[in-house]
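**Student:**
2 protein chains.
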Amino acid sequence: MDTPGATPNRVHLEHLRDYNESLVVALARTRAEFDRAGVAEATGLTPQAVSKVLGRLTEQGLVEVCGVRRQGVGKPASIYRLVPGSRHAVGVHVARTTLRTVLTDLAGTVLASRVVPLPPDFTPGQLLDALRSSMPPGQDLVGVGIGMVGPLDHAAGIVRGAHRLRHWHDVPLRRLAQEALALPVHLDKDVTAGVTAEAWRRGPAFRDGALIMVESGVGAGLWLGGAAYRGAHTNAGEFGHTVVQLDGPRCVCGRSGCLEVLHDTAFADGRVDDAARVLAAGIVNLLQTTDVDHIVLAGADLLRFPEVYRAATRAAIPVSHWMDVSVTLADLGADVIAAGAAMQVLDAAYGIPSKMGVRSLF
Amino acid sequence: MDTPGATPNRVHLEHLRDYNESLVVALARTRAEFDRAGVAEATGLTPQAVSKVLGRLTEQGLVEVCGVRRQGVGKPASIYRLVPGSRHAVGVHVARTTLRTVLTDLAGTVLASRVVPLPPDFTPGQLLDALRSSMPPGQDLVGVGIGMVGPLDHAAGIVRGAHRLRHWHDVPLRRLAQEALALPVHLDKDVTAGVTAEAWRRGPAFRDGALIMVESGVGAGLWLGGAAYRGAHTNAGEFGHTVVQLDGPRCVCGRSGCLEVLHDTAFADGRVDDAARVLAAGIVNLLQTTDVDHIVLAGADLLRFPEVYRAATRAAIPVSHWMDVSVTLADLGADVIAAGAAMQVLDAAYGIPSKMGVRSLF
DNA sequence: GGCAGTTTAGCAACGCTGTTGCGTAATAGA
DNA sequence: TCTATTACGCAACAGCGTTGCTAAACTGCC
Chain A
1 MDTPGATPNR
11 VHLEHLRDYN
21 ESLVVALART
31 RAEFDRAGVA
41 EATGLTPQAV
51 SKVLGRLTEQ
61 GLVEVCGVRR
71 QGVGKPASIY
81 RLVPGSRHAV
91 GVHVARTTLR
101 TVLTDLAGTV
111 LASRVVPLPP
121 DFTPGQLLDA
131 LRSSMPPGQD
141 LVGVGIGMVG
151 PLDHAAGIVR
161 GAHRLRHWHD
171 VPLRRLAQEA
181 LALPVHLDKD
191 VTAGVTAEAW
201 RRGPAFRDGA
211 LIMVESGVGA
221 GLWLGGAAYR
231 GAHTNAGEFG
241 HTVVQLDGPR
251 CVCGRSGCLE
261 VLHDTAFADG
271 RVDDAARVLA
281 AGIVNLLQTT
291 DVDHIVLAGA
301 DLLRFPEVYR
311 AATRAAIPVS
321 HWMDVSVTLA
331 DLGADVIAAG
341 AAMQVLDAAY
351 GIPSKMGVRS
361 LF
Chain B
1001 MDTPGATPNR
1011 VHLEHLRDYN
1021 ESLVVALART
1031 RAEFDRAGVA
1041 EATGLTPQAV
1051 SKVLGRLTEQ
1061 GLVEVCGVRR
1071 QGVGKPASIY
1081 RLVPGSRHAV
1091 GVHVARTTLR
1101 TVLTDLAGTV
1111 LASRVVPLPP
1121 DFTPGQLLDA
1131 LRSSMPPGQD
1141 LVGVGIGMVG
1151 PLDHAAGIVR
1161 GAHRLRHWHD
1171 VPLRRLAQEA
1181 LALPVHLDKD
1191 VTAGVTAEAW
1201 RRGPAFRDGA
1211 LIMVESGVGA
1221 GLWLGGAAYR
1231 GAHTNAGEFG
1241 HTVVQLDGPR
1251 CVCGRSGCLE
1261 VLHDTAFADG
1271 RVDDAARVLA
1281 AGIVNLLQTT
1291 DVDHIVLAGA
1301 DLLRFPEVYR
1311 AATRAAIPVS
1321 HWMDVSVTLA
1331 DLGADVIAAG
1341 AAMQVLDAAY
1351 GIPSKMGVRS
1361 LF
């Protein structure tokens, strides 16, 4: 629950504790209210252990008792709930010409949102200035998440070479922002941040999903097996540059017949139906490859014709009795990416840890 | 390390122990020899804790002392190694006309391999008979893994409707085999089992990879983020049925221009170069989507012209300074799938658990 | 050959985790 | 008012990794 920090050892038992606390917080996020017995059954812990965990979480201000009573006979049970306002995170969406900043609480609710313009072809220094002046006067800030176009390296926190931005080659943005803002910083691809927003808000039922983003280009954020999936080089989800027409027109990426080139051409010509059909074919390809059961449609271009795209996608997906796929629209609108970046910070601090205290490791 | 089984509680602390034991076994698998200090550094445990873990593992017969290392001054350190013969697993590959059975040890080495023919259009009962008589007279058997064509449901252990087999609709094969063989059984898609074999043998460096299988059809087994990835309905990796030519010829799956139809047509016509180029285009699509950095080529058809396919794949993958992809051939030959099925059993018993003692959970 | 320094191994006590046992509080129904 | 039932918590406990200390085995030096 807290940063590993200095001491190299004494970690393993603490991680067991943190793991169980995260488990309870994760459960609290999905339920408006909960009691001790319910947590005990869901986590497999004994009721006493849950009492201890809830005691610690109450002390940290993360949960609180909000009432009593429920069933018939016997002493009434205490009802707990998450305290959404106990922690906050900042999410940032760095686009080509604008900087969007969002403040969210622990439940993932967007409390404030603002946009400022960025200088044309801005430099790292200019971005850091804009970041500094956009920060909300927050207390209890867990950290800052930055969502940005790739390619970039999530693990190292380095922007490899943002598309159509000249001054962004191998820039260690995470370190720079961390120093400028004096807060923990996460750096990730915009689409991955976006899908994190959807996953965080929907809870554990959203195990395998993809966020399809159509906004000056076509990309996908992947959430596989209950976690953001980024691939070996933080480059997963570049599905706009998958070929769907081997002898198709040349794409900026060097190949021919990419989904993006076909879609954007049709879209620019006003043939939105055709564009949607091409995208839908690509989405089915994605389903064949990744077998996600949640498709979330997003992006400014797409959301101008939401029902066209949703209908085309639904129509293209084959039906079967054992394979269901939900197709929905992103419900955070233009804030998805910034909000998702914020929720990545929350996820790192209050999500269920995937590996326990083990570093890079062999 | 042992099955959760009966007792519902008292689990959490034991799981911490099992987790660390699994960690050490996983490390032991990647190194021929190791000592206490090395394990301590890799796992973050203290040397004393490693002593306790190694003591328990020695008692279980999984590791043994194999000598001492004298490096300069000081008392020489004990050198340990995994005892490959201490545990065995059986892997089975159910193909349309044959049943391949493989016996492997804890290190993943194939000790024995045999093939028996299956009756044409065989029934579940006939398969179970063949399974029973194919079982090696083993002791120390951890379990049996079955790799089979989909669609099937890995979690439930049910074959949904094996391709081109009439009697295989919603057959609970895992339960049936478990009863027939009196051993734990795992059921998985053939390609997923195959990629498990590669991942198990290569160790943790193989975090994100895909096994491309070309053998009467085109499929892919995915290994993402250090674990087999199956998707929401155990249907991931059906990348033979991704469309690469929107206006292409009709495919058996109902869509048009699937990778498989284009590839198989060219292959059947003897245009192997063309077939390899089509497959390579599909592989690059897969890379754009999943960003794996290991591509393993396999399958009887493909391995008749291994260098043609490897060269075509290498040529198609774009090069960049921060993005490297290795392209190799499956080194287990025809045994890959059966061996991988066996290693899934080993993985379940001696791999690093992903979630600790938490069941299905909310 | 004897002594100091270094590295490894292991026993014993400890802290912290979740677990178990049992006593207490609060409610419904008789 | 009494009893059964349910919820909660203190106290003792078992098991995990950690810390402190001692013994063992080796090298290098005197």
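Chain order of the listed sequences is A and B. Mapping of the first sequence onto this note's numbering: position 228 corresponds to residue 228, and the numbering continues sequentially without gaps. Mapping of the second sequence onto this note's numbering: position 334 corresponds to residue 1334, and the numbering continues sequentially without gaps. Glycine is no exception: its CB is placed at the ideal position from the N, C-alpha and C atoms. For clarity, every value in this text was computed on a predicted model and none was experimentally measured.
I'd like to know whether the C-beta of residue 160 (chain A) is nearer than 8 Å to at least one C-beta of chain B.
**Tutor:** yes
**Student:** Let's see if you can read the secondary structure: which residues bound the alpha helix (DSSP H) around residue 200 (chain A)?
**Tutor:** 190-202
**Student:** Report the start-end ranges of each alpha helix (DSSP H) in the region 1260-1330 of chain B that is 4 residues or longer and not cut off at the edges.
**Tutor:** 1272-1290, 1300-1303 and 1306-1316
**Student:** Out of B:1273, B:1164 and B:1302, which has the shortest C-alpha to C-alpha gap to residue 1315 (chain B)?
**Tutor:** If we check each option's Cα against that of residue 1315 (chain B), B:1273 comes out closest.
**Student:** Are at least three pairs of beta-carbons, each pair with one atom in the region 307-326 of chain A and one in the region 282-291 of chain A, less than 8 Å apart?
**Tutor:** yes
**Student:** Look at the alpha carbon of residue 1122 (chain B) and the alpha carbon of residue 1105 (chain B), and state the distance between them as a whole number of angstroms.
**Tutor:** C-alpha separation (whole angstroms): 30 Å.
**Student:** Between the alpha carbons of residue 1358 (chain B) and residue 31 (chain A), how many angstroms are there, rounded?
**Tutor:** Unreliable placement is indicated for residue 1358 (chain B), whose pLDDT of 44 sits below 50; the coordinate value is still reported in the next sentence. So the alpha carbons of these two residues sit roughly 18 Å apart.
**Student:** Just how far apart, CA to CA, sit residue 225 (chain A) and residue 1044 (chain B)?
**Tutor:** 26 Å
**Student:** Tell me, please, whether the CB atom of residue 1008 (chain B) is closer than 8 Å to any CB atom in chain A?
**Tutor:** Per-residue confidence for residue 1008 (chain B) stands at a pLDDT of 35, beneath the threshold of 50, marking its modelled position as unreliable; no derived number is given.
**Student:** Using the C-alpha atoms, what's the distance from residue 1016 (chain B) back to residue 1010 (chain B)?
**Tutor:** With a pLDDT of 46 at residue 1010 (chain B), under the threshold of 50, the modelled position of that residue is not reliable, and no figure is offered here.
**Student:** Flag residue 318 (chain A) as yes if its beta-carbon sits less than 8 Å from any beta-carbon of chain B, otherwise no.
**Tutor:** Taking a beta-carbon distance threshold of 8 Å, residue 318 (chain A) counts as an interface residue toward chain B.
**Student:** Compare the C-alpha of residue 1090 (chain B) against each of B:1268, B:1294, B:1183 and B:1267 and name the closest.
**Tutor:** B:1183
**Student:** Is the number of C-beta pairs between the region 212-222 of chain A and the region 300-312 of chain A that are closer than 8 Å three or more?
**Tutor:** yes
**Student:** Can you confirm whether residue 1179 (chain B), when its beta carbon is compared against all beta carbons of chain A, has any partner nearer than 8 Å?
**Tutor:** no
**Student:** Does DSSP classify residue 1004 (chain B) as helix, strand or coil?
**Tutor:** Here residue 1004 (chain B) scores only 31 on pLDDT, less than 50, and its place in the model should not be relied on; the value that follows carries that caveat. In this structure, residue 1004 (chain B) counts as coil in the three-state DSSP scheme.
**Student:** Where do the N-terminal and C-terminal ends of the beta strand (DSSP E) with residue 1065 (chain B) fall, by residue?
**Tutor:** 1063-1069
**Student:** Run through chain B and tell me which residues come within less than 7 Å of residue 288 (chain A), C-beta to C-beta.
**Tutor:** 1238, 1239, 1241 and 1242
**Student:** Anything in chain B within Cβ reach of residue 245 (chain A), meaning under 7 Å, just list it in chain order.
**Tutor:** 1245 and 1246
**Student:** Just how far apart, CA to CA, sit residue 1018 (chain B) and residue 1060 (chain B)?
**Tutor:** 13 Å
**Student:** Straight-line CA distance for residue 201 (chain A) to residue 1190 (chain B)?
**Tutor:** 35 Å
**Student:** Can you pull the chain B neighbours of residue 254 (chain A), defined as C-beta to C-beta under 8 Å?
**Tutor:** Against residue 254 (chain A), the close residues of chain B are 1318, in the order they occur along the chain (beta-carbon pairs closer than 8 Å).
**Student:** Taking 8 Å as the threshold (beta carbon to beta carbon), is residue 1005 (chain B) in contact with chain A?
**Tutor:** For residue 1005 (chain B), the predicted model reports a pLDDT of 30, less than 50, meaning its position is unreliable; a value from the coordinates is still stated below. Output row for residue 1005 (chain B): interface = no.
**Student:** For residue 1229 (chain B), which residues in chain A fall below 7 Å Cβ to Cβ?
**Tutor:** 224 and 225
**Student:** Could you name the residues of chain A that residue 1302 (chain B) contacts, counting a contact when the two beta carbons are closer than 9 Å?
**Tutor:** In chain order: nothing, as chain A lies at least about 19 Å away.
**Student:** Suppose the cutoff is 8 Å on Cβ atoms and the five residues either side in sequence are ignored; what does the same chain contact list for residue 1166 (chain B) look like?
**Tutor:** 1121
**Student:** Report yes or no: is there a C-beta of chain A within less than 8 Å of the C-beta of residue 1207 (chain B)?
**Tutor:** yes
**Student:** Alpha carbon to alpha carbon, how far is residue 1206 (chain B) from residue 1199 (chain B)? Give it in angstroms, no decimals.
**Tutor:** 6 Å
**Student:** Reducing DSSP to helix, strand and coil, say where residue 117 (chain A) ends up.
**Tutor:** Assigned with DSSP and collapsed to three states, residue 117 (chain A) falls in strand.
**Student:** How is the beta strand (DSSP E) around residue 1160 (chain B) delimited, first residue to last?
**Tutor:** 1158-1161
**Student:** Listed in chain order, which residues of the region 1135-1160 of chain B have Cβ atoms closer than 8 Å to some Cβ of chain A?
**Tutor:** 1151, 1153 and 1160
**Student:** Under 8 Å, Cβ to Cβ, is there at least one residue of chain B near residue 292 (chain A)?
**Tutor:** yes
**Student:** Does residue 1322 (chain B) have its Cβ less than 8 Å from a Cβ in chain A?
**Tutor:** yes
**Student:** Would you kindly report the start and end of the unbroken alpha helix (DSSP H) that includes residue 175 (chain A)?
**Tutor:** 173-181
**Student:** Do the CB positions of residue 1219 (chain B) and residue 1238 (chain B) come within less than 8 Å of each other?
**Tutor:** yes
**Student:** Mind checking which residues open and close the beta strand (DSSP E) that includes residue 1100 (chain B)?
**Tutor:** 1098-1105
**Student:** In chain order, what residues of the same chain lie with their CB nearer than 6 Å to the CB of residue 1163 (chain B), ignoring the 5 residues before and after it?
**Tutor:** 1149
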